[in-house]
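Colleague: Sharing a structure, written as structure tokens. Questions coming.
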Amino acid sequence: MNALDNRVARNHVNRMCLAANVPLVETGTAGYAGQVELIKKGLTQCYECQPKAPQKSFPGCTIRNTPSEPIHCIVWAKHLFNQLFGEEDPDQDVSPDTADPEAAGDAGQSALSSEGTNAGNVERKSTRAWAAETNYDPEKLFSKLFGDDIRYLLSMENLWKKRRPPTPLVWDNLPGKDDLPAQHSGLPDQRVWTVHECAQVFAASCKSLQADLKGRPDGDHLVWDKDEKSAMDFVTACANIRAHIFNIPLKSRFEIKSMAGNIIPAIATANAIVAGLAVLRTQSILRGQIETCTSVYLRPKVNHRGQLFVPEKTLTPPNPKCYVCAPKPEVALACNLKQLTLKDLNSAFKEGLNMQAPDATVEGKGLVVLSSEPGETDHNNDKTLEQIGLNDGCALLVDDFLQNYEVRVRLQQEDEEKSWRLVTDTDAPMPAPKEESTNGSNGANEPKPGPSRSRDDSDSDMEIVEEDEDEPVVKPPKRRRTEMSDEVVELC
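Our numbering puts the sequence shown at residues 940 to 1431.
Here is the structure:
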């Protein structure tokens, strides 16, 4: 039985059970909804038979310049955490985006007043480097992020012709500073903090995170975790301060944790009901009545027929075009062969096909293009596919020894494609994974209430229903490669 909390783990268990020909009872909940379904090789569709919705992402210019929803501010706050304390990523810059096509003209000329620059001691350099120079001083960080950078955005006048402009904040003059503390009932995390309270939490969490970072070895970094108090407080405070600046409704810590952690809060009763249904289905399998194990859906409320539990009438057969459980799986990889490198190809197999250790050989040639063994093909990592002799229409046999999984991949040249995308059928292109909205995922990723859901596939609060002892899976010996070549050869 399976009740994992993210898509990658589910994909792995799905493939292991298919390889071992072991029935899998796949379960999960999404709030008050849930489902139980059987996965059996050759009899029912597998977990990957139906394409999953791509992770939702947001344009960088929206996150950095013109947020309009709470999730935009939350994503920005998570990016800020990484810029200050986590693994720096140029794609997660939090400074105003001067390349925004809407901000043409005189953007930035009157960006920062001399007073603002002096107050924040701002120089255009790495956010991490500048913060370290200030010893992560909360007041200077606040002045730059929520004062100077906002004034810089205001200088991009074209952005605010049809939008309400943001309002810069001053550390010593925050809204709600002189208000008497209000009496609140209920859980603390359910209360929405004032801007002044957010600033206090921002200062405290900065100091706590800085101390944590200093206690780590040189070059190490923090990893954001929704269950780590200082990290969650930091994101909550920053998101709400930025939301106030852009006239966006503020959220409670609980709501921001749900959105930032990409989770749908678990409901104990729904979990218990789905667990019971899973046990009943398992009993049927053990009795040899596998044909009766149709999928069952738990609805949030009774439907028009008076049903709370809605079973399928028949087992859903496998998708003949599934790139995992079909007898001869095949996909197309659309890319620009003149730009895509071997390293990018390896990433495409891991991200698009959920492989762990892909190996690729040219069909009919036996020539190794990509190897999971360290050092075997690493010298070609920066070469483009064209440079190593792969052409439009070339077929690769790609296998993952760890998953006992093999798929035929056809290469398709697309001149305008800078990245790559997988196509499982000519009429149904499957988008390549997108950047994190971080975390992303908002809402269930699948059309029906499904297995264990995080909104994207990050950790969720759902409890695992039941876990059997792992059965050993006998892995076949890895095929020997008969040929290796470092030369550029015309392969197709």
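Ideal placement from N, C-alpha and C gives every residue a C-beta, glycine not left out.
Values in this document were obtained by computation on a predicted structure and should not be read as measured data.
Any contact between the region 1015-1028 and the region 977-993? By contact I mean 3 or more CB pairs, one from each, below 8 Å.
Modeller: Contact fails: fewer than three Cβ-Cβ distances are below 8 Å.
Colleague: Just to confirm my understanding: we take ALA1070, look at its own chain, exclude 5 residues before and 5 after, and list those with CB closer than 7 Å. What are they?
Modeller: LEU1023, LEU1080, listed in sequence order.
Colleague: If you check the beta carbons only, do VAL1235 and ALA1199 fall under 7 Å apart?
Modeller: No. Outside cutoff.
Colleague: For a test of the three-state rule: what should DSSP assign to TRP1359, helix, strand or coil?
Modeller: Looking at TRP1359 - three-state DSSP - the assignment turns out to be strand.
Colleague: For the alpha helix (DSSP H) containing LEU1254, list its first residue and its last residue.
Modeller: Premise fails: LEU1254 is in no alpha helix (DSSP H) and is neither H nor E.
Colleague: I need the DSSP call for ALA1038, collapsed to helix, strand or coil.
Modeller: Coil at ALA1038, not helix or strand.
Colleague: Going residue by residue through the region 1062-1094, where are the continuous alpha helix (DSSP H) segments of at least 4 residues, counting only ones entirely within it?
Modeller: For the region 1062-1094, whole alpha helix (DSSP H) runs of length 4 or above, ordered along the chain, are 1066-1072, 1077-1082, 1088-1093.
Colleague: Mind pulling the beta strand (DSSP E) runs of 3 or more residues that sit fully within the region 1302-1360?
Modeller: Here the runs fully enclosed are 1307-1309, 1334-1339, 1344-1352.
Colleague: If you draw a straight line from the alpha carbon of LEU1219 to that of LYS1289, how long is it in whole angstroms?
Modeller: So the two alpha carbons sit approximately 36 Å from each other.
Colleague: What is the rounded straight-line gap between the Cα of THR968 and the Cα of HIS1011?
Modeller: Going by the C-alpha atoms only, they are around 26 Å apart.
Colleague: For LEU963, which three-state DSSP category applies?
Modeller: Note: LEU963 maps to strand in three-state DSSP.
Colleague: If you draw a straight line from the alpha carbon of ARG1181 to that of PHE1085, how long is it in whole angstroms?
Modeller: Approximately 7 Å, taken between the alpha carbons.
Colleague: What's the call for PRO1009, buried or exposed, on a 16-neighbour Cβ count within 10 Å?
Modeller: So PRO1009 ends up on the buried side.
Colleague: Less than 7 Å between the beta carbons of LEU1329 and LEU1272, yes or no?
Modeller: No; because the gap between Cβ atoms is not below 7 Å, this pair is not in contact.
Colleague: Alpha carbon to alpha carbon, how far is SER1089 from SER1358?
Modeller: Sequence check: residue 1089 is Ile here, not Ser. Straight-line Cα distance between these residues: approximately 33 Å.
Colleague: Going along the chain, which residues of its own chain have a beta-carbon closer than 7 Å to the beta-carbon of ASP1321, five neighbours each way excluded?
Modeller: Excluding residues within five positions, the ones whose Cβ falls inside 7 Å are THR1280, LYS1282.
Colleague: Secondary structure at GLN896, three-state DSSP: helix, strand or coil?
Modeller: The structure shown does not extend to residue 896, since the chain is modelled only from 940 to 1431, so the question has no answer here.
Colleague: Where does CYS1177 fall in DSSP's three states?
Modeller: Three-state DSSP puts CYS1177 in a helix.
Colleague: State the start and end residues of the unbroken beta strand (DSSP E) segment that holds VAL1270.
Modeller: 1269-1274 is the extent of the beta strand (DSSP E) around VAL1270.
Colleague: With a Cβ-Cβ cutoff of 7 Å, do SER1311 and ALA1334 count as a contact?
Modeller: No, the Cβ-Cβ distance between SER1311 and ALA1334 is not below 7 Å.
Colleague: Taking buried to mean at least 16 other C-beta atoms within 10 Å of its own C-beta, is PRO1105 buried or exposed?
Modeller: Counting Cβ neighbours within 10 Å, PRO1105 comes out buried, since at least 16 surround it.
Colleague: Tell me which residue opens and which closes the beta strand (DSSP E) that LEU1237 is part of.
Modeller: Per DSSP, LEU1237 belongs to the beta strand (DSSP E) from 1235-1237.
Colleague: Can you confirm whether the region 1182-1191 touches the region 1153-1168 when touching is taken to mean that 3 or more C-beta pairs between the two stretches lie within less than 8 Å?
Modeller: No, the region 1153-1168 is not in contact with the region 1182-1191.
Colleague: CYS988 and ASN1258 look like a contact to me (Cβ under 8 Å); what is the Cβ gap, rounded to whole Å?
Modeller: Between ASN1258 and CYS988 the Cβ distance is about 4 Å, and since that is below 8 Å, they are a contact.
Colleague: With DSSP as the reference, label PRO1297 as helix, strand or coil.
Modeller: Strand at PRO1297.
Colleague: Leaving out the 5 sequence neighbours to the left and right, which residues in its chain are closer than 8 Å to LEU1225 when beta-carbon positions are compared?
Modeller: Taken in chain order, the list of residues that qualify is empty.
Colleague: Note the first and the last residue of the continuous alpha helix (DSSP H) segment covering HIS1011.
Modeller: Note, HIS1011: alpha helix (DSSP H), 1009-1023.
Colleague: Give the DSSP-derived three-state secondary structure of THR1231 in the structure shown.
Modeller: Three-state result, THR1231: helix.
Colleague: For the candidate residues GLY1291, ALA1178, ILE1206, whose alpha-carbon lies nearest to that of LEU1189?
Modeller: Per the Cα distances, ALA1178.
Colleague: Kindly indicate which residue of GLN1326, CYS1137, TRP1110 has the alpha-carbon position closest to the one of ARG1192.
Modeller: Checked all of GLN1326, CYS1137, TRP1110; the closest Cα to ARG1192 is CYS1137.
Colleague: Taking a contact to mean a Cβ-Cβ separation below 7 Å, would you say TRP1515 touches GLU1078 in this structure?
Modeller: It is not possible to answer for residue 1515, since the shown part of the chain is limited to 940 through 1431.
Colleague: How long is the line joining the alpha carbons of HIS951 and GLN1342, rounded to whole angstroms?
Modeller: Taking the straight line joining both Cα atoms gives about 7 Å.
Colleague: So, with DSSP's three-state summary, where would you put PHE1193?
Modeller: DSSP places PHE1193 in helix when its eight states are reduced to three.
Colleague: On the three-state DSSP scale, how would you describe ALA969?
Modeller: Of the three classes helix, strand and coil, the one that applies to ALA969 here is strand, per DSSP.
Colleague: Can you tell me whether ASN1201 is helix, strand or coil according to DSSP?
Modeller: Coil, per DSSP.
Colleague: By how many angstroms is the C-alpha of ASP944 removed from the C-alpha of THR966?
Modeller: So the two alpha carbons sit approximately 10 Å from each other.
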